[in-house]
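Written out below as structure tokens is the structure these notes cover.
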Amino acid sequence: MNTSVVRFFGASALLVLGLSGCGGPAAPAGAGASPETSAASVTPSPTPTEAAFTMLTSEELAEIAGAVKDSGSVPLSVLPADKVSQALDQMMSLMTDVQVEPAECNSIATGTAIKPDSNTTMAVGASTSSTAELTQTLSLVSGVAKEQLDQTLARRSSEIEDCSSISMNIQGMSMTAETTRLDSGAGTAGAIAMQTDVTLPTGGTQSTVMAFAVKGGVLISAQATGTGVTESDLAAAEAMLDQAAALID
Numbered sequence: 643m644n645t646s647v648v649r650f651f652g653a654s655a656l657l658v659l660g661l662s663g664c665g666g667p668a669a670p671a672g673a674g675a676s677p678e679t680s681a682a683s684v685t686p687s688p689t690p691t692e693a694a695f696t697m698l699t700s701e702e703l704a705e706i707a708g709a710v711k712d713s714g715s716v717p718l719s720v721l722p723a724d725k726v727s728q729a730l731d732q733m734m735s736l737m738t739d740v741q742v743e744p745a746e747c748n749s750i751a752t753g754t755a756i757k758p759d760s761n762t763t764m765a766v767g768a769s770t771s772s773t774a775e776l777t778q779t780l781s782l783v784s785g786v787a788k789e790q791l792d793q794t795l796a797r798r799s800s801e802i803e804d805c806s807s808i809s810m811n812i813q814g815m816s817m818t819a820e821t822t823r824l825d826s827g828a829g830t831a832g833a834i835a836m837q838t839d840v841t842l843p844t845g846g847t848q849s850t851v852m853a854f855a856v857k858g859g860v861l862i863s864a865q866a867t868g869t870g871v872t873e874s875d876l877a878a879a880e881a882m883l884d885q886a887a888a889l890i891d
């Protein structure tokens, strides 16, 4: 297995939201088989002043991503659409052979329930530190129905608790992931935040803090991934999320 895909996408390979999109059929929209009504779950509530849902092109999303700055005030580099597509295909191909425990967390681990389709558009911006120990990523997805997005966020919120500890076997190699909910300080309404600590087949650990929200029909996912990432890195990820949200009418 080429672990570089998992290493780059971090928790997005396990808690696939932004980078695997939400363009699949509505029935499995939450990417998870766990109950929606976990006692500890938190369902994001839409704000009465939320922006109207509009369909943005890939070019428009790329323009937004390129205007967002990382924690060092450096504009994100927008990944070419073909490179994003290739990376997604590689990641999804890897995930088809994943064995997950507990089994009901299969969808949150593999992201197989929801995939991009011809109706969705996407853009990804990224920034990597000079030492390559920290990668900051912003993904934007448009073209998903409001009801489906609402269902996805509600179920994903529940799964943070219901699938907080999972193990995976990928082509004979084992990985584990521990996920915890974080208190979101984002200014974007309905934002959800989490941290996922992944133990790679090499024995090393990679952590990801992620925040995601919907603004004007665009699913925004911002994350910081690396070997030394902690909860303190969430503020920088949420700053990227808020920057992107502010650019969406």
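Those letters in the sequence shown? Residues 643 to 891, per our numbering, in order.
From the three backbone atoms N, C-alpha and C, an ideal C-beta is built for every residue, glycine too.
What you are looking at is a predicted structure, and each value in this text was computed from that prediction instead of being measured.
Problem set entry | Pairwise C-alpha distance: residue 783 and residue 761 | 10 Å
Exercise. Which residues bound the beta strand (DSSP E) around residue 841?
Worked result: 834-841
For this session: Specify whether the segment 860-873 and the segment 776-795 touch according to this definition: at least 3 beta carbon pairs, one from each stretch, less than 8 Å apart.
Result: yes
Exercise. Run through DSSP, which three-state label would residue 890 get?
Worked result: coil
Exercise. Which residues bound the beta strand (DSSP E) around residue 942?
Worked result: The question about residue 942 has no answer, for the chain in this structure spans 643 to 891.
Problem set entry | Start-to-end residues for the beta strand (DSSP E) that takes in residue 708 | Run containing residue 708: none in the beta strand (DSSP E); it sits in the alpha helix (DSSP H), 700-709.
For this session: Would you identify the three-state DSSP class for residue 828, choosing helix, strand or coil?
Result: coil
Exercise. Are the Cβ atoms of residue 769 and residue 718 separated by less than 7 Å?
Worked result: yes
Exercise. So residue 787 packs on residue 700, CB below 8 Å; how close in whole Å?
Worked result: Residue 787 to residue 700, Cβ: 18 Å. No contact.
Exercise. Cα separation between residue 739 and residue 862?
Worked result: 28 Å
Problem set entry | CA-to-CA distance, residue 741 to residue 834, given in whole angstroms | 27 Å
Exercise. Would you report the Cα separation of residue 859 and residue 781, rounded to the nearest angstrom?
Worked result: 13 Å
Exercise. What residue does the beta strand (DSSP E) around residue 853 start on, and which one ends it?
Worked result: 847-857
Problem set entry | Presumed contact (8 Å Cβ cut-off) between residue 767 and residue 708, rounded CB distance | 6 Å
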